[in-house]
Amino acid sequence: MKKAINFREQVCAVVRKIPRGRVATYGQIAAMAGAPGRARQVGWALHGSSEKEDIPWHRVVNYKGKISLPKHNGYEVQLALLKSEGVRFDEQESISFDVFGWQANAKEL
DNA sequence: CTCGTGACTCCCG
DNA sequence: TCGGGAGCCACGA
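The first sequence maps to residues 35 to 143 in the working numbering.
Shown next, in the form of structure tokens:
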């Protein structure tokens, strides 16, 4: 296995594994990418990703189960995409991880 | 090499 | 309940 790939590539690879109708936190993504504690870089990686159109970035939310994006910069888009996949939000526009939280098997990586 | 920035997360009061 | 602050690291210039 090579780890020569950039952090961004690794993050993208993990995000692509998120099944439809499920969501994951940045911290979770970072941990699966082999970089626990670097949740911040995950968000940056997704933002800087040129292949974001090929990545279900909308399935990534913060540890509160809410969208981190500002309303004027994709919030509504992510919200709509998640809803189109069957994800439901409560009155606070937050997602219940008990229902939509993604938990990858240890065999995934 | 250093500096600034950021779609995060946790601890405290 | 709610907000502020600090720590973390990657990338570009």
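Glycine is no exception: its CB is placed at the ideal position from the N, C-alpha and C atoms.
* Asked: Measuring CA to CA, which of 90, 80 and 71 is closest to residue 114?
  -> As a first step, residue 114 must be located in the first sequence, where it is residue number 80. When each option's Cα is compared against that of residue 114, the closest is 90.
* To do: With a floor of 4 residues, list each alpha helix (DSSP H) that falls wholly inside the stretch 43-85, ordered by position along the chain.
  => 60-66 and 73-82
* Compare the C-alpha of residue 126 against each of 54, 84 and 101 and name the closest. => Reading the first sequence from its first residue, position 92 is the one you call residue 126. It is 101 whose Cα lies nearest to the Cα of residue 126.
* To do: Return yes when the Cβ of residue 134 is within less than 8 Å of the Cβ of residue 76, no when it is not.
  => Here residue 76 refers to the residue found at position 42 of the first sequence. Here residue 134 refers to the residue found at position 100 of the first sequence. The answer is no: Cβ separation not under 8 Å.
* From residue 131 to residue 96, what distance separates their C-alpha atoms? -> Against the first sequence, residue 131 aligns to sequence position 97. Against the first sequence, residue 96 aligns to sequence position 62. When rounded, the distance between both Cα atoms is 11 Å.
* **Sheet register partners of residue 135 (DSSP bridge)** => Here the question's residue 135 lines up with position 101 in the first sequence. BP columns for residue 135 point to 57.
* Asked: Do three or more CB pairs link the stretch 103-118 to the stretch 67-75 at distances below 8 Å?
  -> no
* To do: With DSSP collapsed to three states, give me the class of residue 111.
  => In the first sequence, the residue the question calls residue 111 occupies position 77. Here residue 111 sits in helix by DSSP.
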